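Participant: Starting off with a structure, shown below.
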Amino acid sequence: MNGFQLRPAGTPEDLVFARDLTRSSMLGYYIRHDLLWLDEAFDVAWAGRKNLLICQGARVLGFVSLSRDSRALYIRELHVLEAFRGQGAGAWAIEQILAMARGERRGLLRLTVFKDNPAQALYGRMGLKVVGEDECFLRMERSSAADA
């Protein structure tokens, strides 16, 4: 058993951890795609989402940030610290989020990923399919049904 857990992120320290991890993971993509990173924009988005820390025992490995509409649960951010990547935490978190979507009777799990982000391979393995794209992003989704 992997011992992964999700716990609510609600402290100022959780926000700092998530912002710093996201910036360090994503800044290269922002620069390559000529997008502007703003800490303030991250903080505003954080305040309007459900945010969960991915933990293993007392260690915080990463976090996931979610939003919803009537049809779908959206992964807005999913980041794992570099030292813990490739150990199953991201796949486990996606499985938990799919279970949440089912429990909330939302038919779809959706996310957006930079076209050049290798995380899209994980999303594909987890059953998400590309359903649209623009200049630098892929939009991916999958049914939240248990047999999808």
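First residue of the sequence shown? That's 1 in UniProt numbering, and the numbers climb one at a time after it.
Even glycine gets a Cβ: it sits at the ideal position worked out from N, Cα and C.
In this text, all values refer to a predicted model and were calculated from it rather than measured experimentally.
Please go through the UniProt domain "N-acetyltransferase" (4 to 145) and give each complete alpha helix (DSSP H) segment of 4 or more residues, from N-terminal end onward.
Facilitator: Segments of the alpha helix (DSSP H) lying fully in the UniProt domain "N-acetyltransferase" (4 to 145): 12 to 32, 39 to 47, 89 to 103, 119 to 125.
Participant: Judging by CA-CA distance, which residue of Asp-14, Leu-109, Leu-81, Asn-117 is the nearest neighbour of Tyr-29?
Facilitator: Measuring from the Cα of Tyr-29, the nearest candidate turns out to be Asn-117.
Participant: Please report the distance separating the alpha-carbon of Arg-76 from that of Gly-57.
Facilitator: Cα-Cα distance, rounded: 25 Å.
Participant: Rounded C-beta distance between Leu-52 and Arg-85? I'm assuming under 8 Å.
Facilitator: Their Cβ separation, rounded to whole angstroms, is 18 Å, which puts Leu-52 and Arg-85 out of contact at 8 Å.
Participant: How would you label His-79, buried or exposed, when you count the other beta carbons within 10 angstroms and need 16 or more for buried?
Facilitator: Flag for His-79 reads buried.
Participant: Of all the options Leu-108, Gln-96, Leu-35, Leu-38, which has the alpha carbon lying nearest to the alpha carbon of Phe-63?
Facilitator: That would be Gln-96, whose Cα lies nearest to the Cα of Phe-63.
Participant: So is the beta-carbon of Leu-27 under 7 Å away from any non-hydrogen atom of the ligand NAD?
Facilitator: Only the bare structure without any ligand can be found here, which leaves the ligand NAD out of the picture.
Participant: Count the C-beta pairs between the stretch 36 to 48 and the stretch 92 to 107 that are closer than 8 Å, then say yes if the count reaches three, no if not.
Facilitator: The stretch 36 to 48 is not in contact with the stretch 92 to 107.
Participant: Might you give, ordered along the chain, the residues of its own chain that have their beta carbon closer than 7 Å to the beta carbon of Gln-61, omitting 5 neighbours on each side?
Facilitator: For the sequence presented, residue 61 should be read as Leu rather than Gln. Contacts found: Ile-54, Cys-55, Val-80, Leu-81, Phe-84, Ala-89.
Participant: Which residue wins for smallest C-alpha separation from Leu-15, given the options Asp-34, Met-26, His-33, Ser-65?
Facilitator: With distances taken between Cα atoms, Leu-15 lies closest to Ser-65.
Participant: Have a look at Arg-110, Gly-10, Arg-23, Met-26 and flag the residue whose alpha-carbon is nearest the alpha-carbon of Ser-144.
Facilitator: Comparing Cα-Cα distances from Ser-144 to each of Arg-110, Gly-10, Arg-23, Met-26, the minimum goes to Arg-110.
Participant: Throw me the rounded Cβ distance for the Lys-115 and Glu-141 pair, which I believe falls under 8 Å.
Facilitator: Incorrect: roughly 16 Å between the Cβ atoms, too far for contact.
Participant: Report the CB separation of Phe-42 from Thr-22 in whole angstroms; it is logged as a contact under 8 Å.
Facilitator: The pair is a contact, with the Cβ atoms about 6 Å apart (cut-off 8 Å).
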